[in-house]
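Colleague: First to last, the protein sequences are chains A and B. Here the first sequence is numbered in our numbering, starting from 1 and rising by one per residue. Here the second sequence is numbered in our numbering, starting from 1001 and rising by one per residue. I'd like to ask you about the structure that follows.
There are 2 protein chains.
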Amino acid sequence: MDIKSAVLQLSSIAQEARLEIFRLLVQVGTEGLPAGNIGERLQIPASTLSFHLKELSHAGLVNSRQVSRFIYYSANYEAMNGLLVYLTENCCAEEGCNPIAACKTE
Amino acid sequence: MDIKSAVLQLSSIAQEARLEIFRLLVQVGTEGLPAGNIGERLQIPASTLSFHLKELSHAGLVNSRQVSRFIYYSANYEAMNGLLVYLTENCCAEEGCNPIAACKTE
DNA sequence: ACAATGTTTCTATATTTATGGAAATATAGA
DNA sequence: TCTATATTTCCATAAATATAGAAACATTGT
Chain A
1 MDIKSAVLQL SSIAQEARLE IFRLLVQVGT EGLPAGNIGE RLQIPASTLS
51 FHLKELSHAG LVNSRQVSRF IYYSANYEAM NGLLVYLTEN CCAEEGCNPI
101 AACKTE
Chain B
1001 MDIKSAVLQL SSIAQEARLE IFRLLVQVGT EGLPAGNIGE RLQIPASTLS
1051 FHLKELSHAG LVNSRQVSRF IYYSANYEAM NGLLVYLTEN CCAEEGCNPI
1101 AACKTE
């Protein structure tokens, strides 16, 4: 993980609509949700939602896959864990404290 | 932790200079470093640095204390842990996975 | 009180980001 | 092929953020 990727990922969730989207996807699980469903739940206009989903995808924090007419978006747990590890890296150089625990990445 | 605070904290580290500052402070430990020292290490002009430190302080991710003429800035480990927990909250509702481990907060 | 050092505020400018309507594109079923 | 549905791209506008020099402010030692 380099600093530019970390900033990109952090920027992608440093915005209220996108953080809501991301957290929703994290909670929903690996299946994910179709874009329209996300927009409906969070009350976000389609074009705005599309913009935000692109930001999240581009940062690598969410994945997408097409299922017939729908595009399913889901959290990228591996990327999320990578980011958390990066933030806490060497955080306890002196005293040693517990490393961060990983969330599901299957 | 509410979403507005989370966005504020994420925004504060979603910027290259500030992420560098934050990570430096996380690695340095609870003692922290005087502003000038940070600026010297990271090659950031005083006024720019001051702006960034204010952002980080305002978000609550770093603390400051005055020691004679110097102002020491240090990572707020409790706030950092709170943010990490917020991001991973309910991340494994279905299957249950390890909760995040805390870093030093003494 | 004065000088030296450390830090912040003021200011202007440049750059990036967010928003959502309208139009375009893609997929699937009749 | 025509139609309905899902999603994205285009576009213009509005708002927020980053940068750093110069000036101001604070603290300490002489």
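For glycine and all other residues, C-beta sits at the position ideal for the given N, C-alpha and C. No experiment lies behind these values; they were computed from the predicted model shown.
Are the C-beta atoms of glutamate 1016/B and some chain A residue less than 8 Å apart?
Modeller: It does: the Cβ of glutamate 1016/B has a partner Cβ on chain A nearer than 8 Å.
Colleague: Checking 8 Å against the spacing of the C-beta atoms, do phenylalanine 22/A and valine 85/A come in under that value?
Modeller: Contact: no.
Colleague: Using a Cβ cut-off of 8 Å (strictly closer), state whether alanine 46/A contacts chain B.
Modeller: By this cut-off, alanine 46/A is not an interface position.
Colleague: Helix, strand or coil, according to DSSP, for asparagine 1063/B in the structure here?
Modeller: It is a strand residue.
Colleague: So serine 64/A contacts chain B; which residues on that side make the cut at Cβ distance below 9 Å?
Modeller: Within 9 Å Cβ-Cβ: nothing; serine 64/A doesn't reach chain B, min ~19 Å.
Colleague: Look at the alpha carbon of serine 64/A and the alpha carbon of serine 1047/B, and state the distance between them as a whole number of angstroms.
Modeller: Each residue's Cα considered, the two are about 42 Å apart.
Colleague: As a quick exercise: from Asn76/A, Ala35/A, Ala59/A, pick the residue whose alpha carbon is nearest that of phenylalanine 70/A.
Modeller: It is Ala35/A whose Cα lies nearest to the Cα of phenylalanine 70/A.
Colleague: Nearest chain B C-beta to asparagine 76/A closer than 8 Å, yes or no?
Modeller: Not an interface residue.
Colleague: Roughly how many whole angstroms lie between the Cα atoms of leucine 49/A and glutamate 1016/B?
Modeller: Roughly 26 Å separates the two Cα atoms.
Colleague: Is the shortest distance between the beta-carbon of leucine 42/A and the beta-carbons of chain B less than 8 Å?
Modeller: Cβ-Cβ to chain B under 8 Å: no for leucine 42/A.
Colleague: Taking the C-alpha atoms as reference points, what is the distance between tyrosine 72/A and glycine 1029/B?
Modeller: If I take the Cα positions, the gap works out to 42 Å.
Colleague: How many Å lie between methionine 1001/B and glutamate 1040/B at the Cα?
Modeller: Their Cα atoms are separated by approximately 34 Å.
Colleague: What in chain B is Cβ-close to glutamate 20/A, meaning under 9 Å?
Modeller: Within chain B, the residues near glutamate 20/A are Ile1003.
Colleague: In chain A, what lies closer than 7 Å to valine 1007/B by C-beta?
Modeller: Per Cβ cutoff of 7 Å: Ala14, Gln15, Glu16, Leu19.
Colleague: How far does the alpha helix (DSSP H) with isoleucine 1038/B in it reach, from first residue to last?
Modeller: Isoleucine 1038/B -> alpha helix (DSSP H) spans 1035-1042.
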